[in-house]
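Protein chains in written order, with the working numbering: chain A, 1 to 66; chain B, 67 to 132.
The next block holds one structure in the form of structure tokens; read it before the comments.
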DNA sequence: TTTCCATGTAAAGCCTCCTTCACATTCGAA
DNA sequence: TTCGAATGTGAAGGAGGCTTTACATGGAAA
């Protein structure tokens, strides 16, 4: 599943490490999500959306809308 | 994570089996999500939201707003 | 050059999602 | 009562999310 995480993070000038701490996950998890190696769990997707102040659908691209 | 899946399903008069087929998952998965035994994956959450024509946030309750 | 920061990725392990098969309960219809 | 549909749950197994540890690369700064 594609997403806009890298863009949103860059807009705020955060490193993957910074973002990982804000989300309380490992830096590798942030990296894996940004590079599309796997999708976050639903609870983590909620934390990401809340951190960036938008809807999950604004960050993650539905597979059906490839 | 709490959710409104059972209500939405009941509003449409669907059984768990009906919903499972529409979502292309097992009946047990639908049941487990409704009873809160586990959260759906993010791709499945997208399919659920699209099926009911609303946002993920309208169906699943963020843990932080418990 | 050397150092440091940011990023990418691999391996091993644990936990969760999702499956199938199976069984139990409840309830309404025949 | 008997039957079938709907629901809840358990066990076992495969796939994937997330962790820690570790190593490699590239670029900016000293």
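We put the beta carbon where it would ideally sit given N, CA and C, even for glycine.
What's the gap between the Cα of residue i and the Cα of residue j?
| i | j | result |
| --- | --- | --- |
| residue 34 of chain A | residue 124 of chain B | 25 Å |
| residue 40 of chain A | residue 94 of chain B | 22 Å |
| residue 32 of chain A | residue 82 of chain B | 34 Å |
| residue 48 of chain A | residue 78 of chain B | 31 Å |
| residue 122 of chain B | residue 62 of chain A | 11 Å |
| residue 18 of chain A | residue 84 of chain B | 44 Å |
| residue 65 of chain A | residue 72 of chain B | 26 Å |
If we define contact as Cβ-Cβ less than 8 Å, is residue i a contact residue for chain B?
| i | result |
| --- | --- |
| residue 34 of chain A | no |
| residue 52 of chain A | no |
| residue 48 of chain A | no |
Does the beta-carbon distance from residue i to residue j come in below 8 Å?
| i | j | result |
| --- | --- | --- |
| residue 88 of chain B | residue 108 of chain B | no |
| residue 1 of chain A | residue 60 of chain A | yes |
With a threshold of 8 Å between beta carbons, is residue i in contact with chain A?
| i | result |
| --- | --- |
| residue 125 of chain B | no |
| residue 108 of chain B | yes |
Hey, could you find the ends of the alpha helix (DSSP H) residue i is sitting in?
| i | result |
| --- | --- |
| residue 45 of chain A | 42-52 |
| residue 58 of chain A | 56-59 |
- prompt: Taking only runs of the alpha helix (DSSP H) that begin and end inside the segment 74-102 of chain B, which ones reach a length of at least 4 residues, in chain order?
  reply: 82-89, 93-100
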